[in-house]
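Participant:
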Amino acid sequence: MENINNPLKDIYYISIPDNFKNEFDDFTIDKNILLPIETNGLENWEPKDLTWESIVSAMLKILAYNRNHKDIDYYRNFVKAVRPNIIQELTDSAIFKSSENSFSLAREIFLALDGLTPGKDRNLLNLAVLNENEADWFGKKGDFQKQEELLNLAKEIYLQLLDRESVLTDTYFNGGFFFIKIRDFEKAELCLSAFIEYSDDEDKIEKAKEVLLNYKSIISNEDIFSNAYTAILNEEEPLAIEALISFLKDNENIWNGWFLLGWAYRRLSNFTEAINALETALKLNEKDVDIYNELAICYLEVGLFDKSQKALEKALQITPEDVKIISNMGILQMKQGNMDEAKKYFETVLVYDEEDSIAKLYLEKLE
Numbered sequence: 001m002e003n004i005n006n007p008l009k010d011i012y013y014i015s016i017p018d019n020f021k022n023e024f025d026d027f028t029i030d031k032n033i034l035l036p037i038e039t040n041g042l043e044n045w046e047p048k049d050l051t052w053e054s055i056v057s058a059m060l061k062i063l064a065y066n067r068n069h070k071d072i073d074y075y076r077n078f079v080k081a082v083r084p085n086i087i088q089e090l091t092d093s094a095i096f097k098s099s100e101n102s103f104s105l106a107r108e109i110f111l112a113l114d115g116l117t118p119g120k121d122r123n124l125l126n127l128a129v130l131n132e133n134e135a136d137w138f139g140k141k142g143d144f145q146k147q148e149e150l151l152n153l154a155k156e157i158y159l160q161l162l163d164r165e166s167v168l169t170d171t172y173f174n175g176g177f178f179f180i181k182i183r184d185f186e187k188a189e190l191c192l193s194a195f196i197e198y199s200d201d202e203d204k205i206e207k208a209k210e211v212l213l214n215y216k217s218i219i220s221n222e223d224i225f226s227n228a229y230t231a232i233l234n235e236e237e238p239l240a241i242e243a244l245i246s247f248l249k250d251n252e253n254i255w256n257g258w259f260l261l262g263w264a265y266r267r268l269s270n271f272t273e274a275i276n277a278l279e280t281a282l283k284l285n286e287k288d289v290d291i292y293n294e295l296a297i298c299y300l301e302v303g304l305f306d307k308s309q310k311a312l313e314k315a316l317q318i319t320p321e322d323v324k325i326i327s328n329m330g331i332l333q334m335k336q337g338n339m340d341e342a343k344k345y346f347e348t349v350l351v352y353d354e355e356d357s358i359a360k361l362y363l364e365k366l367e
């Protein structure tokens, strides 16, 4: 998928060789239909390179990017005959690639799956989750424009799936958490309530109930919560702090509120109050990377280096490739005079993102 504008540029078509045997009981190869192959040019291709796998690979690319191909139905049947278990194999592969942050390849595989089994809601749901994961990745890198683009793509898919006559229960579940992420609490409540009603997965039902219990308070106070968030972004932290303290008096179990309060205090360099608020947030949610990161910054500022390192190590256990966390680990090492160790962390950042300006700046300082 290197050339996103023309992903089929290396696809060529050949006639079936006379000695090419049909090896499938339930599928007959039509020698009147040309076979696709993917190569850097026919001059570089030799008949010995023709294999079932090479044909299937080219067909999958066509299924991903050209649903109007005149032989698309034949290609679907061909692929399923050659690789009977391909749907599960591709699904597992795409999920694995997404977990490795190989989002372009994962997207191509999911598109191929959608072309192979058109109309399956599971395919679209997988694409929505992929867009979410990639959006999170860009957000951690600080590319908020790309993050918003991907979140909008995910939103379009979720709305499309929720408009179906029959909706997958997993769509309700994943959609509920997605709409919480984009702060559309009304849709989040509708999704999670529907999941609780229609699902038979007891573990997920309990999780959905717990989330609903916490976020119903936020839904009813959305204006206060949203205004406080906006105030922090606009460098009006005192207004945010006042609103959040008022909010938390009646919603003390909402970790997001404590997190935002800690963030506001930290931006004002009131590290003692920031630590108190963030440690409260952590007691309510031990899996959020941003809480650990903010706590690490505060601990660092007050000289609690051991606590700062432990917080960053916890964050890295959750997201090992988060360049923001890795950079802060480098800064922590610098503060302690461990320049060689600091350099290693900043060099690691550049392995994941060679354009990271913060890592480049600190490496220049360390030279």
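Quick note on numbering: UniProt numbering labels position 223 of the sequence shown as 223, and the sequence is numbered without any gaps. We put the CB at the ideal spot given by N, CA and C, even for glycine. Fair warning: this is a prediction, and the values are worked out from it, not measured in the lab.
#1: Give the straight-line distance between the Cα atoms of ASP288 and LEU282, rounded to the nearest whole angstrom.
#2: Looking at C-alpha atoms only, which residue of LEU34, VAL56, GLY139 and SER54 is the closest neighbour of ASP290?
#3: Taking only runs that begin and end inside the stretch 191-225, name each unbroken alpha helix (DSSP H) of 4 or more residues, in chain order.
#4: My output table needs one value for ILE14: the three-state DSSP class, helix, strand or coil.
#5: Taking 8 Å as the cut-off, decide whether the C-beta atoms of LEU8 and ILE62 are in contact.
#6: Within a Cβ cutoff of 6 Å, which residues of the same chain sit near ASP71, ignoring the five residues on either side of it in sequence?
#7: Go to LEU332, then tell me how far its alpha helix (DSSP H) extends in each direction, as first and last residue.
#8: From ASN285 to TRP137, what distance separates their C-alpha atoms?
#9: Leaving out five residues on either side along the sequence, give the residues of the same chain with a beta carbon under 6 Å from the beta carbon of MET334.
#10: Between the Cα of VAL323 and those of GLU53, LYS360, ASN131 and MET339, spot the shortest distance and give me the residue it belongs to.
#11: Write down the C-beta distance between LEU332 and SER308 rounded to the nearest angstrom, noting that I regard them as a contact closer than 8 Å.
#12: For LYS97, count neighbouring Cβ atoms within 10 angstroms of its own Cβ and tell me buried if that reaches 16, exposed if not.
#13: In chain order, what residues of the same chain have a beta carbon less than 6 Å from the beta carbon of LEU113, not counting five sequence neighbours either side?
#14: Please tell me whether PHE259 and PHE225 are closer than 8 Å, where the distance is taken between their beta carbons.
#15: Return the CA-CA distance between ASN174 and ILE14, expressed in angstroms with no decimal places.
#16: Count the other C-beta atoms from every protein chain shown that fall within 10 angstroms of the C-beta of ARG183, then say buried if there are 16 or more, exposed otherwise.
#17: Is the stretch 308-317 in contact with the stretch 77-95, if contact means three or more CB pairs nearer than 8 Å?
Facilitator: Reading from the atomic positions:
#1: Locating residue 288 in the sequence shown gives position 288, counting from the first residue. Locating residue 282 in the sequence shown gives position 282, counting from the first residue. About 8 Å.
#2: Locating residue 290 in the sequence shown gives position 290, where the first residue counts as 1. Nearest option by C-alpha distance: GLY139.
#3: Within the stretch 191-225, the complete alpha helix (DSSP H) segments of 4 residues or longer fall at 202-220, listed in chain order.
#4: As a working note, residue 14 is residue 14 in the sequence shown. The answer is strand: DSSP assigns ILE14 an E or B state.
#5: Looking up residue 8 in the sequence shown gives position 8. Looking up residue 62 in the sequence shown gives position 62. Taking 8 Å as the Cβ cut-off, LEU8 and ILE62 qualify as a contacting pair.
#6: Translated into the one-based positions of the sequence shown, residue 71 becomes position 71. Contacts found: ILE33.
#7: Within the sequence shown, residue 332 is the residue found at index 332, counting from 1. Note, LEU332: alpha helix (DSSP H), 323-335.
#8: Position 285 of the sequence shown holds residue 285. Position 137 of the sequence shown holds residue 137. ASN285 and TRP137 have their C-alpha atoms spaced approximately 21 Å apart.
#9: Translated into positions along the sequence shown, residue 334 becomes position 334. ALA342, listed in sequence order.
#10: On the sequence shown, position 323 is the one that residue 323 refers to. The residue with the shortest Cα to Cα distance from VAL323 is LYS360.
#11: Mapped onto the sequence shown, residue 332 falls at position 332. Mapped onto the sequence shown, residue 308 falls at position 308. Distance from LEU332 to SER308 at the Cβ level is roughly 5 Å; contact confirmed, criterion being Cβ atoms closer than 8 Å.
#12: The sequence position of residue 97 within the sequence shown is 97, counting from 1. Buried, because 16 or more other Cβ atoms sit within 10 Å of the Cβ of LYS97.
#13: By one-based count along the sequence shown, residue 113 stands at place 113. Apart from the 5 residues on each side of it in sequence, LEU113 sits with its Cβ closer than 6 Å to the Cβ of LEU90 and ASN123 in its chain, given in chain order.
#14: Counted from its first residue, the sequence shown places residue 259 at position 259. Counted from its first residue, the sequence shown places residue 225 at position 225. Not in contact: PHE259 and PHE225 (Cβ atoms no closer than 8 Å).
#15: Position 174 of the sequence shown, counted from the start, is the residue given in the question as residue 174. Position 14 of the sequence shown, counted from the start, is the residue given in the question as residue 14. Spanning the two alpha carbons is a distance of roughly 43 Å.
#16: Counting from 1 along the sequence shown, the entry for residue 183 is found at position 183. By the neighbour-count criterion, in which a residue is buried when 16 or more other Cβ atoms sit within 10 angstroms of its Cβ, ARG183 is exposed.
#17: Output reads no: the stretch 77-95 does not touch the stretch 308-317.
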